[in-house]
Structure formats: structure tokens, C-alpha cells
Amino acid sequence: MLIAVVPDEAGVGGPRGALPGGPGPSHPPPADGAGSPAGPGPAGPDRSAPIGPAGAAWLRPLDDAGQPLGPARWSPDLAAAVREAPEARLLWASTAECYPRLLRAGVRVARCHDLELTEALLLGHAGRWGQPKALAAGWARLTGAPVPPDPPPRAATPPGDGQGTLFEASWPPPAAGGFDPMSALVEVYRDQQARLAAAGRDAPAVPDAGRRLRLLVAAESAGAVIAAEMGHDGLPWRVDVHRDLLIDLLGEPSPVGGPPRRLAELAARINEAFGDQRLHPESPAEVLRAFAREGIRLPSTRAWVLRGVDHPAVPLLLEFKELYRIWTAHGWSWCQQWVREGRFRPEYVPGGVVSGRWATRGGGALQIPKVVRRAVQADPGWTFVVADAGQLEPRILAAVSSDARMARAAGAGDMYAALATEAFGGDRARAKVALLGAMYGQTGGQAAPALAALRGSYPTALSYVEDAARVGETGGLVRSWLGRTCPPPSVGANAWGDPDAADPEGPRGEAPPDGPVSGAAARARGRFTRNFVIQATAAEWALALLALLRGSLSGSAAELVFFQHDEVVVHCPVADAPMVVAAVQAACERTRRLLFGDTPVRFPLDVSVVDCYAEAK
DNA sequence: AGTTTCATATGG
DNA sequence: CTCGCCATATGAAACT
5 MLIAVVPDEA GVGGPRGALP GGPGPSHPPP ADGAGSPAGP GPAGPDRSAP
55 IGPAGAAWLR PLDDAGQPLG PARWSPDLAA AVREAPEARL LWASTAECYP
105 RLLRAGVRVA RCHDLELTEA LLLGHAGRWG QPKALAAGWA RLTGAPVPPD
155 PPPRAATPPG DGQGTLFEAS WPPPAAGGFD PMSALVEVYR DQQARLAAAG
205 RDAPAVPDAG RRLRLLVAAE SAGAVIAAEM GHDGLPWRVD VHRDLLIDLL
255 GEPSPVGGPP RRLAELAARI NEAFGDQRLH PESPAEVLRA FAREGIRLPS
305 TRAWVLRGVD HPAVPLLLEF KELYRIWTAH GWSWCQQWVR EGRFRPEYVP
355 GGVVSGRWAT RGGGALQIPK VVRRAVQADP GWTFVVADAG QLEPRILAAV
405 SSDARMARAA GAGDMYAALA TEAFGGDRAR AKVALLGAMY GQTGGQAAPA
455 LAALRGSYPT ALSYVEDAAR VGETGGLVRS WLGRTCPPPS VGANAWGDPD
505 AADPEGPRGE APPDGPVSGA AARARGRFTR NFVIQATAAE WALALLALLR
555 GSLSGSAAEL VFFQHDEVVV HCPVADAPMV VAAVQAACER TRRLLFGDTP
605 VRFPLDVSVV DCYAEAK
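Converting from the first sequence to the numbering used here requires adding 4 to each position, the first position being numbered 1.
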């Protein structure tokens, strides 16, 4: 059972936290195509009812195909309506827009269908990557109306001391030209179901293509739900530990906002080492000039460049860089901005990366430096279960390429070691270089001879990535295992890949002499598509794991609090930890079968139970 | 003064 | 001849 949901902005909106004092202006009732009451009537708004904590909404029951099972009705209390149907799958335009208000009201959903994320997947699959994916755009495509562009993404909203002056994003978009969100939602959903079925039929070369794509859609929606919940719950963050850590590393903060004590001292010593100038160590240009004055010419001030330089300032500069980074990116002001009530609450953006990985908006949640993770401590009586998928991408390669020999090696706990034994004379480091080189398209350095060895023993796996590279180089598209499609070569320049080949000279006489795409650009594109088939499949593996894990934890106190590409963190009562460990292992095994059936490839999880995130692994 | 790009760091 | 993938975030430098 599916319930289509259109939040009614009369119930929410306005300054955050300010609940409505009264009904206020609202959308007209949806002029619902299948014959529900259009005016006041049994299902019409009863404006005298008190508005619930998640606001009011239009709701309409559907079957899984999208066939309405009854009229749309207006409810003053979305939260209560969702509570009454705890097993239902919700259909809404955007989880990111609709779910947070429910979470703030203390309500969780079982499952959902995120129309916009699905639309993006289907558009990409149809070679229309980048076309507007919003509900209004989908509706316009369906009705032949001009397609409106998507609204610009919201800016990051630091929860820390933002003082709640921000307004809810306006959603749905202002009704224009008879746009009725509920009809649009239902009709676009039904159209999506049809397109999903067609996409499966149209890919006879891919066994199971339809099932896979439906799986991807489900995983993407589940990911959106989890991302909203994780952003809502937040990662336990001990501000006191963080501050102690900062003082330990950086020294006392400067009262006037300047660099902390140890950083200032280092800057002074660096100046001394260069013979007392007014040097700012944080300025690459100045550091370069300072070295040049001493006869040392450097291509850059990157850490690995400096490490090869014999000069007394070098160790000081390296230390300065490391600490300066922490001060500016994860120092006192970061803490004040992003941590509130003992939780770090970043905004996760599912599908924010073309490969299907999540991105984040604000707070840099996916780049928390290892040293700073000491501040991530479980609540008293609680603990963390941290699960990390080791060597995920090479194992994905083994699984998707169906290279039987490599798959056998990927059944081992240490795949690189197994590979080394079979084909690299026991040299594990060389096996690793070869495999990474194959997945990233590296051809120089030590990779070239190692790659040849890999080709000799695992030709099937090698040709899988090389085929993907060739498709990319020649301007084609590749797909992940479940069917996520890579963007076309022209993204950015040439909006949605409208075949622009009719213009071989290029836009303004700057055409490269050797063809429509220069050699270097084509090869870069090849490296991208080569990596895409692996990285995107790894992302959907992780998404499926997350979704299955959420399912098995629902009903317990455990909560998912962090997810970073191939690593998941669960916060749970100490007594529940064994259950959570078992659940994550079981989810891992189910994920393997769900995606790859009876492959011999294993996906070992490194699971640790720790009170502090920094202690994991 | 405001905006964009570069350089450099972090993460996977 | 060259050639490693995907990101976010910061401050400095360059640009409008």
C-alpha cells in the first residue's frame, strides 16, 4: 500500500519552530482527476481542526502500481496520519523536503518512493541526464508543457548558532498554470512505473535489468530516508573533548581571534628558519618565494614536495600545515557552528555525487580528520558499532566482471594477498598497485608492468574496465550494476547531452585539430567511465547494506548515526551491541546475495564495538 | 567590495 | 609525450 503525500504549507512554513497559530492561506483542494470531491465536502479541509506538529497535508491511498484506491483527503495532522499507517510506503516528491518535518514531530516512516531521486535515475537511464527532475518538471514533460528548471539547491544551514531565522523551503512550488501537486504526484509516479518496466524490457543484454533498476530505485529512496534520519539524529559529539583536543594540539586560542598559541609559535620559528621575515606560512606564494631566496626552487608547497627538501623550515612547515588545517576547518568556530546539544548534524545529500555516493552540505561530514574523531564518543551506557567494508572496490570489480579466477581470490579475507599469491609471486604491494591502477586508469609509474601481470592472470576483469574506458573515450555512456547511468561527456557545457554532433567545428573555432574531443580529454573521460562502473556499483552495494540494516534495527533503540561510502556507524545501548553486530553481518550477507546472487566473492566487514569513533579499526 | 579560481588539505 | 577515480572545505590570490 502506497500513500501519496502533499504537505500543505498552511500547516508549516514561517520561522522554524513557530507552529501555526491558525489555518492561514492554503492551496486550493487538488482538482483531482479521478473524480474525488473538488470543493468542500466530506474530504475537504476542515479548517477548524488543530494543525499537527508536522503540519497539514493532502493524502491519497494508492496501490503499488499507482492506481488510486480512494479520493485525496486533507488532514490537518500529517504526523498522526502517518502514525496510523506505520507499514505504508509513502510517495512524495522529495524526501529531503517532506521528511524532516515528520522527524521533528517524532514520526518515522517505514519506506518511501522519492519521486525526484527516481526521476533523476530514469532520466539518466534514458540518456537525458541533467534534465530538471522536480515534480513540476516531470508533470510538464507528461503534459507537454514547458519544463521549468529545478529550484536552486538550498544553502547549508548550520544548526549551531544560526538562531533559526531561516524559513522552510517553499514546497511545493507555487501553483502555476493549474499545477496540482497531488495529480502530478500520482501521474508522474505511474509514468515512472511504466518507464521502469520499459527500461527493463529494453535492455535484453543485461539479465534481470528491470529487477535491478527497481532495486536501485528502492535503494535510492531508502537512502534518502536514512540520510534524513541521520541528519536529524546527528552524530554524538563531545564539545568538551573536542576543545581539549584543540588545546592539546594547537594551544590556547587567541582571545582576539588570531591563531592559537602553538600555531603562532610555529609561524615565528618558521620565520626564524628563513632569517626573520614577515612570512605568512599559510600563503603558498610567500613560502615559495622564501625558498627561492635560499636558492631552492619548488613546483609547489604541497606536503609531499616539502618532504623531499632539506631545509630547517621544512619540518616546521609540515607541522604548521597540519595544525592550520585543523584550526581553520575543524577548530573552535566549526564546533560552534555545527555542533548543538551534543550532536553534529550535517545535511547529507543522497545521490549528490554522480556515482551515487552521498555528498554533504556544510560541516564537511565526510572529511572529518582522524584526530578529530576522538570527540565522537558514545552517550553513557551506549556504544558504537562501526562496520567498515574492506577492499570494497576491488571486490566489486571481481563480482561485476564475473572473472571466475578473480572472484575466487575475492573470496579471501585479504584479496590483495590472494591475488599476490596467485599472480604476483607473493608481492602484495604490487598486486594492490595493479588492481588500483586498473580501476583508476593509471598507466604510468609502477602500474604499467603490474597491470600487464594482472592482464595475464585476470583477462576478464581487465577487459571489463577497459571496455568501460573505451566506451567513455568514444563518447558513450556506461552503467553501474543496478543501472545508474553516468553523465554524458558534455555535462556543464552542453546541458543534457542533446546530441550536438551536428556541430563538428565546435562553438567558436577552437576545435581541436585531432577530432571532436582532444586526445587528453577523451582519455580523461575514459578514466572516468572506467572508474564509474566500479565506484557507482560500490555505492549501491553500500546503500543496499544500509537499507537492510535499517530494516533489521527498526524497533530497537539503535540508531544509524554515520555513513561514509563504505563505513557505517550505529549508536546503541551497550547491551544491544551484540545484536547490532549480528545484524550488520547479516545485512552484509543479504546485500551480497541481493546484488550478485551466488557469487563466490565475499565482502568482509571489519566490525568493532567502541565507545569512541577514533578507536575503530 | 563581491565573486571566482587556485592551492592545499581532508575523506573514501 | 603524458596520463589516478570521486568528493568538500578553507584561505589566498586573482578577477570583475
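Every residue gets a Cβ at the ideal spot worked out from N, C-alpha and C, and that includes glycine.
Excluding five sequence neighbours on each side, which residues of the same chain lie with their C-beta closer than 6 Å to the C-beta of Leu-439? One-based indexing of the first sequence puts residue 439 at position 435. Excluding positions up to five away in sequence, the list reads Pro-398.
Could you tell me the boundaries of the beta strand (DSSP E) in which Arg-194 lies? Numbered from 1 along the first sequence, position 190 holds the residue referred to as residue 194. Per DSSP, Arg-194 belongs to no beta strand (DSSP E); it is in the alpha helix (DSSP H), 185 to 205.
What is the residue span of the beta strand (DSSP E) that Asp-431 lies within? The count along the first sequence starts at 1 and reaches residue 431 at position 427. Segment: none, Asp-431 is in no beta strand (DSSP E) and carries neither H nor E.
Check each candidate in Pro-493, Ala-391 and Glu-101 and name the one with the smallest Cα separation from Val-229. Here residue 229 corresponds to residue number 225 of the first sequence, with the count starting at 1. Out of Pro-493, Ala-391 and Glu-101, Glu-101 has the C-alpha closest to the C-alpha of Val-229.
Residue burial classification, Thr-147 (beta-carbon count within 10 angstroms, cutoff 16): Position 143 of the first sequence, counting from 1, holds the residue named residue 147. Exposed is the call here.
Residues in its own chain within less than 8 Å of Thr-478 by CB, not counting five upstream and five downstream? The residue labelled residue 478 in the question sits at position 474 within the first sequence. Result list for Thr-478: Ala-526, in chain order.
4 or more residues per run - each alpha helix (DSSP H) lying fully within the region 77 to 103: 82 to 88
Under DSSP, the beta strand (DSSP E) around Phe-566 begins and ends at which residues? Along the first sequence, read from residue 1 onward, the residue named residue 566 stands at position 562. Taken as a continuous stretch (DSSP letters only), the beta strand (DSSP E) holding Phe-566 covers 563 to 567.
If I'm right that His-129 touches Thr-489 with Cβ under 8 Å, what's the distance once you round it to whole angstroms? Along the first sequence, read from residue 1 onward, the residue named residue 129 stands at position 125. Along the first sequence, read from residue 1 onward, the residue named residue 489 stands at position 485. His-129 to Thr-489, Cβ: 5 Å. Contact.
Quick one: using the 10 Å Cβ neighbour count with 16 as the cut-off for buried, is Gly-131 buried or exposed? By one-based count along the first sequence, residue 131 stands at place 127. Exposed, by the Cβ-count rule.
Under 8 Å, with one C-beta from each stretch per pair, do the region 237 to 245 and the region 346 to 356 reach the 3-pair mark? yes
What does a CB cutoff of less than 6 Å around Val-404 pick up in its chain, not counting 5 residues either side in sequence? Here the question's residue 404 lines up with position 400 in the first sequence. Here the set comprises Trp-485 and Thr-541.
Starting from the C-beta of Arg-87, find all residues in its chain whose C-beta is less than 8 Å away, skip the five residues before and the five after it, and write them out in chain order. To locate residue 87, count along the first sequence from 1; it is residue 83. The answer, listed in chain order, is Val-111.
Does the contact criterion of 3 or more C-beta pairs under 8 Å hold for the region 257 to 269 versus the region 130 to 145? no
Sort Arg-412, Phe-567, Arg-205 and Asn-535 by Cα distance to Met-443 and report the nearest one. As a working note, residue 443 is residue 439 in the first sequence. When only C-alpha atoms are compared, the closest one is Asn-535.
Can you give me the start and stop residues for the alpha helix (DSSP H) that Phe-388 sits inside? For the purposes of this step, residue 388 is taken as the residue at position 384 of the first sequence. Taken as a continuous stretch (DSSP letters only), Phe-388 belongs to no alpha helix (DSSP H), being part of the beta strand (DSSP E) at 386 to 393.
Considering only residues of the same chain and omitting the five flanking positions on each side of Pro-162, which have a CB-CB separation below 8 Å? Mapped onto the first sequence, residue 162 falls at position 158. These residues qualify, in order along the chain: Gln-341, Trp-342, Gly-366 and Gly-367.
For His-334, does the three-state DSSP call read helix, strand or coil? If you number the first sequence from 1, residue 334 lands on position 330. Of the three classes helix, strand and coil, the one that applies to His-334 here is helix, per DSSP.
Between the CA atoms of Gly-559 and Ala-579 - distance to the nearest angstrom: Within the first sequence, numbered from 1, the residue matching residue 579 stands at position 575. Within the first sequence, numbered from 1, the residue matching residue 559 stands at position 555. Roughly 15 Å separates the two Cα atoms.
Cα separation between Arg-145 and Pro-152? By one-based count along the first sequence, residue 145 stands at place 141. By one-based count along the first sequence, residue 152 stands at place 148. Between Arg-145 and Pro-152, the C-alpha separation is close to 10 Å.
Indicate whether the contact test is met: 3 or more Cβ pairs, each with one atom in the region 54 to 61 and one in the region 80 to 100, closer than 8 Å. yes
Return the chain-ordered list of same chain residues with a C-beta closer than 6 Å to the C-beta of Gly-394, the five sequence neighbours on each side being excluded. If you number the first sequence from 1, residue 394 lands on position 390. Answer for Gly-394: Pro-608 and Asp-610, listed in chain order.
Measure the alpha-carbon distance for Lys-325 versus Leu-127 and round it to whole angstroms. Stepping through the first sequence from its first residue, residue 325 is reached at position 321. Stepping through the first sequence from its first residue, residue 127 is reached at position 123. Cα to Cα, Lys-325 sits roughly 44 Å from Leu-127.
Let me know if Val-309 comes out buried or exposed under the rule of 16 or more other beta-carbons within 10 Å of its beta-carbon. Here the question's residue 309 lines up with position 305 in the first sequence. The residue in question, Val-309, is exposed, as its Cβ has fewer than 16 Cβ neighbours within 10 Å.
What whole-angstrom Cβ distance do Val-413 and Glu-426 have, given they're in contact under 8 Å? By 1-based counting over the first sequence, the position of residue 413 is 409. By 1-based counting over the first sequence, the position of residue 426 is 422. The sequence as given places Ala at residue 413; Val does not occur at that position. Yes, Ala-413 and Glu-426 are in contact; Cβ-Cβ is about 6 Å, under 8 Å.
Counted within 10 angstroms of its Cβ, other Cβ atoms place Leu-73 as buried (16 or more) or exposed: For the purposes of this step, residue 73 is identified with residue 69 of the first sequence, where counting begins at 1. Exposed, because fewer than 16 other Cβ atoms sit within 10 Å of the Cβ of Leu-73.
Could you give the distance in angstroms between the alpha-carbon of His-575 and the alpha-carbon of Val-389? Numbered from its first residue, the first sequence carries residue 575 at position 571. Numbered from its first residue, the first sequence carries residue 389 at position 385. One C-alpha to the other measures close to 7 Å.
Report the three-state DSSP secondary structure of Ile-274 (helix, strand or coil). As a working note, residue 274 is residue 270 in the first sequence. Ile-274: helix per DSSP, three-state reduction.
Taking the straight line between their C-alpha atoms, what separation do you get for Glu-593 and Val-614? Sequence index remark: in the first sequence, residue 593 carries index 589 (1-based). Sequence index remark: in the first sequence, residue 614 carries index 610 (1-based). Taking the straight line from one Cα to the other gives about 23 Å.
Secondary structure of Ile-7, DSSP reduced to three states: For the purposes of this step, residue 7 is taken as residue 3 along the first sequence, with counting starting at 1. Reduced to three states, the DSSP call for Ile-7 is strand.
Sorted by chain position, which residues of the same chain lie with C-beta nearer than 7 Å to Thr-305's C-beta, five sequence neighbours on each side aside? To locate residue 305, count along the first sequence from 1; it is residue 301. The answer, listed in chain order, is Pro-288, Val-291 and Leu-292.
Please classify Met-623 as buried or exposed, where buried requires at least 16 other C-beta atoms within 10 Å of its C-beta. Outside the displayed range of the chain (5 to 621) lies residue 623, so it cannot be described from this structure.
If we ignore side chains and look at the alpha-carbon of each, how far apart do Met-410 and Pro-303 end up? Counting from one through the first sequence, the residue named residue 410 turns up at place 406. Counting from one through the first sequence, the residue named residue 303 turns up at place 299. For Met-410 and Pro-303, the distance between alpha carbons rounds to 41 Å.
Could you tell me the alpha carbon to alpha carbon distance between Leu-200 and Ser-225, rounded to whole angstroms? For the purposes of this step, residue 200 is taken as residue 196 along the first sequence, with counting starting at 1. For the purposes of this step, residue 225 is taken as residue 221 along the first sequence, with counting starting at 1. Distance between the alpha carbons of Leu-200 and Ser-225: 15 Å.
According to DSSP, simplified to helix, strand and coil, what is Arg-108? In the first sequence, counting from the first residue as 1, residue 108 sits at position 104. In this structure, Arg-108 counts as helix in the three-state DSSP scheme.
Reference Arg-596; option with closest CA among Pro-582, Met-583, Ala-561 and Leu-552: Sequence index remark: in the first sequence, residue 596 carries index 592 (1-based). When each option's Cα is compared against that of Arg-596, the closest is Leu-552.
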